[in-house]
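The block underneath contains the structure these notes are about, expressed in structure tokens.
Chains as they are written, first to last, in this note's numbering: chain L, 9 to 628; chain F, 9 to 628.
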């Protein structure tokens, strides 16, 4: 300490601040941009800015004695806003009192994201109303927030109904939930810190919900179910057609997906004990059609050339779109920007999760689902397309196909000598059917063992009791009835193979067209991302054997799981990531496969296992 | 014309512009800030910028031939955006093509208001979508509006549902309704110019609705009915108590007032042939409690010291507060700022209409209603108070009291010699009862003729068959049964007089307290405004005789009718007037009469006709 100037060293970083005696620890920390939690804005109300200082400090205040436990006082804890610095000091800032960068592990992709959610809570002490100060409750709260936090806010209509009660119940101290630095979503009496959000991936076939704590960015729960819209059509094209058939249909589709999300949120919250009224924001990603249906906006023109969406990104009051149950009454809902045609918010989100758009490396991302989206490029330039792969790999239209549930055969090997089959089921119980990864393994093994040729035809000339003919249809028996939990063998039929062949041909043809458009080959791809809910479980080598994706070196292949969901989580906890998503949507050029002259030929050749030619063949 | 420089003279003003050859007439007009209507932003799409030029001009364009009638072409009409100036010209701008100041006559107060409504319509031609331009409909429209009009807009959720259809039905030309330069409320195919708004005065007893054309500021219709909330309580205090009694009650009060407004809008629109979907904004004024009840926000604390409102001014989606029928689905609703206690938006609105807050003159404004608000001051300083005058002068609690409908006695004279009564009824039909102005005349005449003394007692010693006793109650017969349309005489009872006495005492006491607070006397008042729906019909001299207001010279008294409604109209057609309203609410200091020590004495003395003393007496 020199004269009136004190030095404070903040630990564990060792950051140093110098300033005049009498400043609070909070002010000293702010002067060097070290962020300490404080919901009340340094008013000794919230007790969040706990630190452990040593050196010459002011005495404990009454507020500190009230807000710290006896144990904390003994351990030397102080409130950073209350303790003023009277000489040179050293201050330990514990992790729980810090606001800072969060390193988040998101399904196989590790991203460093600065925690910056749209929803924040502020605690303020209001001046008490008197006959001399008869400002309205609204003015009182807005002016105070402006004063303390510098925010110019608007108030959601519903909040006015809570306002007078909350202010008086909280004895003129309230906690205010603010969305995007713009709107007050809720006012609660006293100090309340809970703030949660939900990231939703609306797939054509599956809906996944992730519950996140917006105060630390942690994923604290997740749930998924089949998209109930499936009863109105299995793929996006049939849903567009249903939606445009009759006025009521669009509403039906919207209601069913919203009901499913509400239920998933309820279940997730119940599991971890979160009150649903503390859910203030929902970030939704889905393909263009799914996002339109969720919003109740007609996807009619998405399905017609030139394939224009009505909207991509948007912020809505959840209640406006009918999402009212199991979230705060004034919760907001954010949808992702779209690229074009069916390439929607989920694909933008998957790209966001991989950050391939910021990389020097040439990457390809294949997001496998009922609609498979593929992106290719690097920081310079990116293109993408959408493939109508259908739900075959999700088990639909496959005789013994099923989702990845208990009893599903998820891995298959065939002995090339004896043609005997070894398989593994989920939960290692008796077999009930075949899921996506099992189907891919099975195709690859049938091919390797010569039980199936490169055109996809089952080889009936091989002597094995596993090749059978059932009502004129050739089948391969994967599991005998005695091993199964259903009253029959688990088989794959020649027809099943044709379905899967079409699905993989659609994906592969899309990838080939993108390579053609960029004038690149397999060997130019530095990183190949496989995404999609079932993508996490597939054997990359087998997928390559059947030609699901181009011949990329296996060490360059990265399985990134539900990357769309991961991007949604990133956007939920960081508004900056939403800006990145907008940049991606603007940057990525959309390729409409139907308008590509080479597509049909490419699609035909892609039916072969692994592929019916080379790029040179396609170019002809 | 000198070299390349042309001169254009705009008529009839004779305004002169000089600029280079080749500019359009629209550009020339804009260069000297002469405003010509144009919804399409000069794109030769809307045909609104018709002018009659003479001199050297470019040839008629294809668009002009399409947008002008043959007759117009013959008369020399051109589109200002299409015709370019090739030499010196003279241009007549017809009234219908002008945007400018409007001089509006509003119920006895003439105000010059610059037409600047929150709701405006813009017509834009959008670039047609192609496979090379697959922007979303939302981006397409927002980017185009930004380009042409420089507006950064957000889109109301409901608009997305109309968007794809409107764009394609309008063949990529749409008309966009924008609220406050911020939000798109509607998108319609092609060129649509209709835009209407509604100003509403929600009184405790009466609701009045005015329909205005937002394109020219004209009032094109009005309707009024009794506030249906009256069945839940006649005055604000009883409505607060009903509202806070049970949860459902607040909702009941809200629903009833909203239903009434919806009905009034429907009737008004039907009468003048306006489509209700073209009503985009509603401006509401009312006392604090009425505004809270309309919004469904509890007025509990408005009625308790220190009499704080929850909110005053606000902008809401009308549908949020439940006002959905007979207006555009995305219409907005604006409420007025409040001063304090019961002095609400209606009083701010009345002050706005008189502009007394901008004047050098010392003014007093008495807005007579079930709650009577009084303001006093000038541009330096203003104070106001609210008096619980009750609905007696609106005919409630008066034996033969009635509203100002057909058959109501609206004017009374009593012959001082014969005590004979001459009266006039509304529509000059047989008498059915007494309305406010009739009651005031009657009291004044009873007083002048000695039939009633200064304490309000009817003089039973006077020999006249008009003074009768009916079941021990003294009455004065105004109209004999044979002259009436009811099966009895029309009378005023001693009890009626007591009711009216209390009402006028409340008003007068409020006025006296304000004078006391400012240290001023009757003679210091330069202008005395009498406002209120029934205020328009009263005889100022008689009102002064009974002491309803202080002894101000009659030539200083101005009857301004429903000034609250007038202020609401001003705010509806001019956002600047809304800013003025905010300034008024901030400027005017609220005086809580209940907290004034002199009030009780003042109120007692005010029961006398005209008044029981002098200011000196009150000061004692």
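Glycine is no exception: its CB is placed at the ideal position from the N, C-alpha and C atoms.
Shorter than 7 Å from the beta carbon of residue 317 (chain F) to some beta carbon of chain L?
Position 309 of the second chain holds residue 317 (chain F). Chain L, which has a Cβ nearer than 7 Å to the Cβ of residue 317 (chain F), makes this yes.
Taking only heavy atoms of the ligand ZN into account, decide whether any of them is closer than 6 Å to the Cβ of residue 100 (chain F).
The ligand content of the structure shown is nil, which means the ligand ZN is not present either.
Cα-Cα, which of L:119, L:86, L:297 is closest to residue 575 (chain L)?
Residue 575 (chain L) sits at position 567 when you count from the first residue of the first chain. For the residues L:119, L:86, L:297, the minimum Cα distance to residue 575 (chain L) belongs to L:119.
My output table needs one value for residue 533 (chain L): the three-state DSSP class, helix, strand or coil.
By one-based count along the first chain, residue 533 (chain L) stands at place 525. Of the three classes helix, strand and coil, the one that applies to residue 533 (chain L) here is coil, per DSSP.
Mapping the DSSP letters down to three states, classify residue 350 (chain F) as helix, strand or coil.
As a working mapping, residue 350 (chain F) is identified with position 342 in the second chain. Coil at residue 350 (chain F), not helix or strand.
With three or more C-beta pairs closer than 8 Å as the rule, is the segment 239–248 of chain L touching the segment 222–230 of chain L?
The segment 222–230 of chain L, when compared against the segment 239–248 of chain L, does not touch it at the 8 Å Cβ threshold.
I'd like to know whether the C-beta atoms of residue 536 (chain F) and residue 372 (chain F) end up nearer to each other than 7 Å.
As a position in the second chain, residue 536 (chain F) is number 528, starting the count at 1. As a position in the second chain, residue 372 (chain F) is number 364, starting the count at 1. Yes, they are a contact pair.
Could you tell me the alpha carbon to alpha carbon distance between residue 156 (chain L) and residue 352 (chain L), rounded to whole angstroms?
Taking the first residue of the first chain as position 1, residue 156 (chain L) is located at position 148. Taking the first residue of the first chain as position 1, residue 352 (chain L) is located at position 344. Answer to the nearest angstrom: the Cα atoms are 41 Å apart.
Quick check on residue 78 (chain L): does DSSP put it in helix, strand or coil?
Within the first chain, the letter at position 70 stands for residue 78 (chain L). Three-state DSSP puts residue 78 (chain L) in a helix.
Assuming residue 587 (chain F) is part of the beta strand (DSSP E), what are its boundary residues?
Counting from 1 along the second chain, the entry for residue 587 (chain F) is found at position 579. Note, residue 587 (chain F): premise wrong, no beta strand (DSSP E); alpha helix (DSSP H) at 583–595.
Can you list, in chain order, the residues of its chain whose CB lies under 7 Å from that of residue 410 (chain F), leaving out five sequence neighbours each side?
Translated into the one-based positions of the second chain, residue 410 (chain F) becomes position 402. Counting only Cβ-Cβ distances below 7 Å, and skipping sequence neighbours, we find 403, 416, 440, 441, 442, 443.
In whole angstroms, what separates the C-alpha of residue 341 (chain F) from that of residue 144 (chain L)?
What you label residue 341 (chain F) is simply residue 333 of the second chain in a count that begins at 1. What you label residue 144 (chain L) is simply residue 136 of the first chain in a count that begins at 1. One C-alpha to the other measures close to 19 Å.
Hey, how far is the Cα of residue 28 (chain L) from the Cα of residue 358 (chain F)?
Looking up residue 28 (chain L) in the first chain gives position 20. Looking up residue 358 (chain F) in the second chain gives position 350. If I take the Cα positions, the gap works out to 55 Å.
Let me check one thing: in DSSP terms, what residues is residue 292 (chain F) bridge-paired to?
Here the question's residue 292 (chain F) lines up with position 284 in the second chain. Paired residues: F:208, F:343.
For the segment 482–551 of chain F, list the beta strand (DSSP E) runs that are entirely contained and at least 3 residues long, ordered along the chain.
As far as the segment 482–551 of chain F is concerned, its whole beta strand (DSSP E) runs of at least 3 residues are 498–501, 535–539.
In chain order, what residues of the segment 325–358 of chain L put their CB closer than 9 Å to some CB of chain F?
Taking 9 Å as the Cβ-Cβ cut-off against chain F, the residues of the segment 325–358 of chain L that qualify are 325, 328, 329, 345, 346, 347, 348, 349.
Examine chain L for any beta-carbon lying closer than 7 Å to the beta-carbon of residue 396 (chain F), and answer yes or no.
Walking along the second chain from the start, residue 396 (chain F) turns up at place 388. No, no contact with chain L.
Would you grab the beta carbon distance between residue 335 (chain L) and residue 290 (chain L) for me? Rounded to a whole angstrom, and I think it's under 8 Å.
Working through the first chain from its first residue, we reach residue 335 (chain L) at position 327. Working through the first chain from its first residue, we reach residue 290 (chain L) at position 282. Confirmed, Cβ separation roughly 7 Å.
Please list, in chain order, the chain L residues whose beta carbon lies closer than 7 Å to that of residue 305 (chain F).
Indexing the second chain from 1 puts residue 305 (chain F) at position 297. Neighbours of residue 305 (chain F) on chain L, chain order: 168, 169.
Below 7 Å between beta carbons is the criterion; list the residues of the segment 128–149 of chain L that meet it against any residue of chain F, in chain order.
Residues passing the 7 Å Cβ filter: 137, 138, 139, 142, 144, 145, 146.
Determine the DSSP secondary structure at residue 13 (chain L), reduced to helix, strand or coil.
Taking the first chain and counting its residues from 1, one reaches residue 13 (chain L) at position 5. Residue state, collapsed to three classes: strand.
Return the residues of the segment 288–314 of chain L that lie within a Cβ-Cβ distance of less than 8 Å from chain F, sorted by chain order.
Within the segment 288–314 of chain L, the qualifying residues are 303, 304, 305, 306, 308, 309, 313, 314.
Looking at C-alpha atoms only, which residue of F:18, F:581, F:261, F:566 is the closest neighbour of residue 297 (chain F)?
What you label residue 297 (chain F) is simply residue 289 of the second chain in a count that begins at 1. Comparing Cα-Cα distances from residue 297 (chain F) to each of F:18, F:581, F:261, F:566, the minimum goes to F:261.
Shorter than 7 Å from the beta carbon of residue 385 (chain F) to some beta carbon of chain L?
In the second chain, residue 385 (chain F) corresponds to position 377, counting from 1. With 7 Å as the cut-off, residue 385 (chain F) does not count as an interface residue toward chain L.
Please report how far the alpha carbon of residue 599 (chain F) lies from the alpha carbon of residue 526 (chain F), in whole angstroms.
Locating residue 599 (chain F) in the second chain gives position 591, counting from the first residue. Locating residue 526 (chain F) in the second chain gives position 518, counting from the first residue. When rounded, the distance between both Cα atoms is 11 Å.
Suppose the cutoff is 6 Å on Cβ atoms and the five residues either side in sequence are ignored; what does the same chain contact list for residue 170 (chain L) look like?
Reading the first chain from its first residue, position 162 is the one you call residue 170 (chain L). Within the same chain, residue 170 (chain L) has close Cβ partners 195.
Since I believe residue 230 (chain F) is in contact with residue 217 (chain F) (beta carbons under 8 Å), could you give me their beta-carbon distance rounded to a whole number of angstroms?
Within the second chain, numbered from 1, the residue matching residue 217 (chain F) stands at position 209. Within the second chain, numbered from 1, the residue matching residue 230 (chain F) stands at position 222. The pair is a contact, with the Cβ atoms about 6 Å apart (cut-off 8 Å).
I'd like the list of long-range same chain contacts for residue 532 (chain L), defined as Cβ closer than 6 Å, with 5 residues on each side in sequence excluded.
Looking up residue 532 (chain L) in the first chain gives position 524. 370.
Please report the distance separating the alpha-carbon of residue 111 (chain F) from that of residue 121 (chain F).
Locating residue 111 (chain F) in the second chain gives position 103, counting from the first residue. Locating residue 121 (chain F) in the second chain gives position 113, counting from the first residue. Confidence at residue 111 (chain F) is low in this model, with a pLDDT of 48, below 50, so the placement of that residue should be treated as unreliable; the coordinate-derived value is given next. Spanning the two alpha carbons is a distance of roughly 6 Å.
Classify residue 65 (chain L) as helix, strand or coil using the three-state DSSP reduction.
On the first chain, position 57 is the one that residue 65 (chain L) refers to. Correct three-state label for residue 65 (chain L): strand.
By DSSP, does residue 218 (chain F) sit in helix, in strand, or in coil?
Indexing the second chain from 1 puts residue 218 (chain F) at position 210. If DSSP states are grouped into helix, strand and coil, residue 218 (chain F) belongs with the strands.
Let me check understanding here. Comparing Cα to Cα, which of L:418, L:57, L:490, L:87 lies closest to residue 69 (chain L)?
Translated into positions along the first chain, residue 69 (chain L) becomes position 61. Ranking L:418, L:57, L:490, L:87 by Cα distance to residue 69 (chain L) puts L:87 first.
For the beta strand (DSSP E) that contains residue 418 (chain F), what are its first and last residues?
For the purposes of this step, residue 418 (chain F) is identified with residue 410 of the second chain, where counting begins at 1. Start and end: 416–422.
Straight-line CA distance for residue 486 (chain F) to residue 185 (chain F)?
The residue labelled residue 486 (chain F) in the question sits at position 478 within the second chain. The residue labelled residue 185 (chain F) in the question sits at position 177 within the second chain. Roughly 56 Å between the two C-alpha positions.
Are residue 387 (chain F) and residue 366 (chain F) closer than 7 Å when you measure CB to CB?
Mapped onto the second chain, residue 387 (chain F) falls at position 379. Mapped onto the second chain, residue 366 (chain F) falls at position 358. Cβ distance < 7 Å, so residue 387 (chain F) and residue 366 (chain F) count as in contact.
On the DSSP bridge assignment, give the partners of residue 59 (chain F) in chain order.
On the second chain, residue 59 (chain F) is found 51 positions in, with the first residue counted as 1. Looking at the DSSP assignment, residue 59 (chain F) forms a beta bridge with F:86.
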